[in-house]
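First comes the structure, then the notes that go with it.
2 protein chains.
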Amino acid sequence: MTRKRVQKAADELGYAASPSASRLATGRTRTVAVVVPLLSKWFFAEVIAAAGRVLSGEGYDVLLAEVSTPRLRSEFFASPRLHGRSDGALVVALQLTGEELAALESQGQSVALVGSERPGAASVQVQDRDGGRAAVRHLLNLGHERIAFLGIREAPGSPLGGVPPAERLLGYRDALLEAGAPSDPSLELGVENTVEDGAAGMASLLTRVQPPTAVFAASDELAFGALSALRHAGLEVPRDFSVVGYDNHELSGAVGLTTMDHGVAEQGRLAAEALIGALSGEPARTSRIEARLVVRGSTAPPRRLRAGAR
Amino acid sequence: MTRKRVQKAADELGYAASPSASRLATGRTRTVAVVVPLLSKWFFAEVIAAAGRVLSGEGYDVLLAEVSTPRLRSEFFASPRLHGRSDGALVVALQLTGEELAALESQGQSVALVGSERPGAASVQVQDRDGGRAAVRHLLNLGHERIAFLGIREAPGSPLGGVPPAERLLGYRDALLEAGAPSDPSLELGVENTVEDGAAGMASLLTRVQPPTAVFAASDELAFGALSALRHAGLEVPRDFSVVGYDNHELSGAVGLTTMDHGVAEQGRLAAEALIGALSGEPARTSRIEARLVVRGSTAPPRRLRAGAR
DNA sequence: CTGAAAGCGCTTACAG
DNA sequence: CTGAAAGCGCTTACAG
Chain Y
1 MTRKRVQKAA DELGYAASPS ASRLATGRTR TVAVVVPLLS KWFFAEVIAA AGRVLSGEGY
61 DVLLAEVSTP RLRSEFFASP RLHGRSDGAL VVALQLTGEE LAALESQGQS VALVGSERPG
121 AASVQVQDRD GGRAAVRHLL NLGHERIAFL GIREAPGSPL GGVPPAERLL GYRDALLEAG
181 APSDPSLELG VENTVEDGAA GMASLLTRVQ PPTAVFAASD ELAFGALSAL RHAGLEVPRD
241 FSVVGYDNHE LSGAVGLTTM DHGVAEQGRL AAEALIGALS GEPARTSRIE ARLVVRGSTA
301 PPRRLRAGAR
Chain D
1 MTRKRVQKAA DELGYAASPS ASRLATGRTR TVAVVVPLLS KWFFAEVIAA AGRVLSGEGY
61 DVLLAEVSTP RLRSEFFASP RLHGRSDGAL VVALQLTGEE LAALESQGQS VALVGSERPG
121 AASVQVQDRD GGRAAVRHLL NLGHERIAFL GIREAPGSPL GGVPPAERLL GYRDALLEAG
181 APSDPSLELG VENTVEDGAA GMASLLTRVQ PPTAVFAASD ELAFGALSAL RHAGLEVPRD
241 FSVVGYDNHE LSGAVGLTTM DHGVAEQGRL AAEALIGALS GEPARTSRIE ARLVVRGSTA
301 PPRRLRAGAR
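Going down the list, the sequences are from chains Y and D.
For the first sequence, UniProt numbering begins at 1 and goes up steadily by one.
For the second sequence, UniProt numbering begins at 1 and goes up steadily by one.
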């Protein structure tokens with residue numbers, strides 16, 4: 001109460017403590033850096049937005065650090081860029097090496113990771129393998145037998161360093177194995193995580209001598225590309241072909257994409273909370289998120305089955 | 001050269017000047033705040049990403065400020081939140097009141113605006129009226145006569161405060177007037193800028209006694225919604241209906257949307273440069289960007305004409 | 001419990 | 001031209 005009134009009086013008088021002075025005196029910045037490989041992708045923006053809300057709710061400033069190329073990445077970790085600027089770093093998607101993590105810690109940063117894991121560091125991760133399995137089971141349950149996997153291969157210029165969604169491929173294989181479905185390496189494809197490459201990848205999968213009747217795409221962006229390629233190939237979804245994505249992208253509803261929701265905003269929130277915990281000296285917290293199937297209009301029984309049913 | 005070698009030596013020794021100390025001594029933070037109504041929309045993320053690259057290239061830290069509700073907005077401007085934290089603010093889309101601008105300036109901020117204009121402040125704007133006119137002319141040239149406008153109405157909870165894309169509506173009317181096409185207020189609709197509302201708006205436009213054959217949507221998100229509504233209504237685009245969007249959203253290529261490209265990244269870049277200029281005492285710089293038509297697959301002559309042509 | 005003083009790590013004006 | 005000193009505006013340990 002008193003606190004609030006003082007704050008209000010201060011605001012009215014236009015008084016504000018000098019952050020630089022108090023930072024210098026205390027050695028704490030009450031600032032957190034958010035480190036992402038790319039800002040303009042929906043996933044990262046959504047994580048940052050959610051994390052930022054809890055962070056600023058707790059009185060932290062949030063500093064933006066985009067490391068979009070391997071070059072920027074090595075420069076970022078080689079120089080003490082965060083030293084004295086933030087107390088902690090929330091690192092999204094980048095698979096940190098031991099040295100990179102050590103570099104952050106030597107700059108006095110507490111660290112929270114989203115989408116990767118490191119001994120001793122707080123992190124939040126998605127049960128991607130389970131998610132992949134659930135996606136493919138959905139297709140198997142509909143009666144599909146030839147199911148392709150359209151995965152994310154890292155671009156040469158990507159700073160990610162590690163292939164987080166590799167787990168999604170494992171889940172795909174798990175589901176096939178469980179069902180006793182024959183696994184066919186020619187149906188597994190890895191492309192860059194863009195709509196364009198998703199389309200090209202889908203087009204290529206359609207040229208197999210025995211083409212698939214469904215695809216599990218490791219991201220919604222790839223799935224959007226796949227949908228576009230299928231349309232161009234004259235195939236109608238889901239009548240002629242089924243597609244499952246992964247993300248529950250804000251636009252996946254608009255195109256009626258069946259997908260896996262892995263709680264993107266939730267990832268940001270949990271990571272921010274874990275980081276705040278770490279900043280107050282709490283031992284590293286690890287959270288796991290389960291992905292859940294969202295059925296929309298891009299999946300249906302394969303043509304053969306439905307024809308038979310009539 | 002020497003400078004570079006000193007930098008390198010410093011990096012190797014792990015030495016880094018204390019930002020707090022130098023900020024306290026100089027009174028300059030070498031930090032810029034980016035103020036956006038929403039982080040997780042593609043447009044804002046893209047503007048921030050582009051601005052952030054030029055800003056950090058010039059050695060500025062970038063601080064994130066999301067003011068996503070009217071409440072947060074008034075709190076943000078009522079308290080000296082940026083005082084001593086940043087030297088300048090890059091304000092995206094928010095239509096600042098005179099007091100809000102004054103509040104920023106009293107906190108020692110240089111200001112650059114994107115998507116709005118204020119006497120004395122640097123800004124970058126899009127020639128939205130021209131852009132709207134060009135979009136509608138494209139439809140008129142194809143032979144459409146009943147062209148609807150699906151515009152952005154501000155949500156009650158929106159912090160934007162002003163309707164920037166109102167210019168797009170004026171451009172729409174200009175084009176109709178030029179062509180001597182009858183203007184019909186029942187074909188002008190304003191909805192919230194979401195895919196869902198775009199779909200609902202399109203559905204509603206289709207119920208007019210004399211329905212349109214084409215729509216100009218004031219954003220690509222609205223256009224995505226429109227495409228989805230048209231599909232649900234059993235209409236095929238562009239055979240039965242034409243759609244033009246506005247943004248050149250990263251996913252508009254995937255759905256084959258004809259749209260207006262207003263150089264979103266360029267807006268961010270120019271604003272950052274204008275802000276850097278303002279920070280070094282240069283007089284307020286104003287840039288204007290022209291939107292340009294990108295023809296994809298969502299527009300074609302109206303059915304009547306094509307049938308007649310055969 | 002209150003209040004004056006030292007110190008945080010820089011920058012810069014000034015004395016030598 | 002070089003180097004010691006004051007000052008930026010806080011926090012905090014300490015003297016009274």
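Note that the Cβ used here is the ideal one computed from N, Cα and C, for glycine as well.
Computed from a predicted structure; not experimentally measured.
Minimum Cβ-Cβ distance from residue i to chain D less than 8 Å
i                      : result
D61 of chain Y         : yes
R304 of chain Y        : no
residue 372 of chain Y : Because chain Y in this structure spans residues 1 to 310, residue 372 of chain Y falls outside the shown range and cannot be described.
L293 of chain Y        : no
A272 of chain Y        : no
G52 of chain Y         : yes
A203 of chain Y        : no
A155 of chain Y        : no
A278 of chain Y        : no
A121 of chain Y        : no
A16 of chain Y         : yes
Within chain Y, partners of residue i - CB distance below 8 Å
i               : result
G253 of chain D : V195 and E196
Per-residue contacts from residue i into chain Y (C-beta, under 7 Å)
i              : result
A45 of chain D : L39, S40 and A45
Contact with chain Y by residue i, beta-carbon distance below 8 Å
i                      : result
E66 of chain D         : yes
R23 of chain D         : yes
M1 of chain D          : Per-residue confidence for M1 of chain D stands at a pLDDT of 39, beneath the threshold of 50, marking its modelled position as unreliable; the derived number appears in the next sentence. No, M1 of chain D lies away from the interface with chain Y (no Cβ there is under 8 Å from its Cβ).
residue 325 of chain D : In the structure as shown, chain D begins at 1 and stops at 310. Residue 325 of chain D is therefore absent and cannot be evaluated.
A309 of chain D        : Reliability fails at A309 of chain D, whose pLDDT of 44 lies under 50, so the model's placement of it is uncertain and the value that follows must be treated cautiously. No, A309 of chain D lies away from the interface with chain Y (no Cβ there is under 8 Å from its Cβ).
S298 of chain D        : no
A134 of chain D        : no
T213 of chain D        : no
Beta-carbon separation (whole angstroms), residue i vs residue j, contact threshold 8 Å
i               : j               : result
D128 of chain Y : R85 of chain Y  : D128 of chain Y to R85 of chain Y, Cβ: 32 Å. No contact.
E117 of chain D : V111 of chain D : Not really, about 12 Å apart at Cβ, beyond 8 Å.
S219 of chain D : D197 of chain D : Contact flag wrong, Cβ pair sits at about 10 Å.
A274 of chain Y : A122 of chain Y : 4 Å
S79 of chain Y  : A49 of chain D  : The pair is not a contact, with the Cβ atoms about 21 Å apart (cut-off 8 Å).
T213 of chain D : T258 of chain D : Going by Cβ atoms, the distance from T213 of chain D to T258 of chain D rounds to 14 Å, so no, they are not a contact pair.
L176 of chain D : A148 of chain D : 11 Å between Cβ atoms; not a contact.
A33 of chain D  : L82 of chain D  : 5 Å
A65 of chain D  : F76 of chain D  : 7 Å
V124 of chain Y : Q267 of chain Y : 5 Å
First and last residue of the uninterrupted beta strand (DSSP E) at residue i
i               : result
T26 of chain Y  : From DSSP, T26 of chain Y is part of no beta strand (DSSP E) but of the alpha helix (DSSP H) over P19 to T26.
R288 of chain D : T286 to I289
R292 of chain D : R292 to V294
L150 of chain D : I147 to I152
L189 of chain Y : E188 to V191
G245 of chain D : S242 to D247
L90 of chain Y  : G88 to V92
A122 of chain Y : A122 to V126
L64 of chain Y  : D61 to E66
Enclosing alpha helix (DSSP H) for residue i [first to last residue]
i               : result
S228 of chain D : D220 to H232
F43 of chain D  : W42 to G57
L270 of chain D : V264 to L279
G198 of chain Y : V195 to L205
L160 of chain D : No alpha helix (DSSP H) contains L160 of chain D, which DSSP labels as neither H nor E.
A217 of chain D : Unbroken run through A217 of chain D is the beta strand (DSSP E), A214 to A217; no alpha helix (DSSP H).
L113 of chain Y : No alpha helix (DSSP H) holds L113 of chain Y; the beta strand (DSSP E) holding it covers S110 to V114.
Partners in chain D for residue i, counting only beta-carbon separations shorter than 7 Å
i               : result
I48 of chain Y  : L39
P185 of chain Y : Neighbours of P185 of chain Y on chain D: none; closest Cβ ~28 Å, over 7 Å.
A166 of chain Y : By Cβ distance, chain D contributes nothing, its closest Cβ being about 25 Å from A166 of chain Y, past 7 Å.
Neighbour list for residue i in chain Y, Cβ cutoff strictly below 9 Å
i              : result
P19 of chain D : S20, R23, T29, H83, G84 and R85
beta-carbon residue i near the ligand MG non-hydrogen atom, thresh 7 Å
i               : result
I152 of chain Y : Although the ligand MG was asked about, the structure shown includes no ligands whatsoever.
Give, in chain order, every residue of the region 65 to 94 of chain D whose Cβ lies closer than 7 Å to some Cβ of chain Y.
E66, A78, S79, P80, H83, G84 and R85
Select from the region 216 to 243 of chain D all residues with a C-beta closer than 7 Å to any C-beta belonging to chain Y, and list them in chain order.
F224, G225 and S228
Using a Cβ-Cβ cut-off of less than 9 Å, give me the residues of the region 102 to 115 of chain D that come near chain Y, in sequence order.
S106 and Q107
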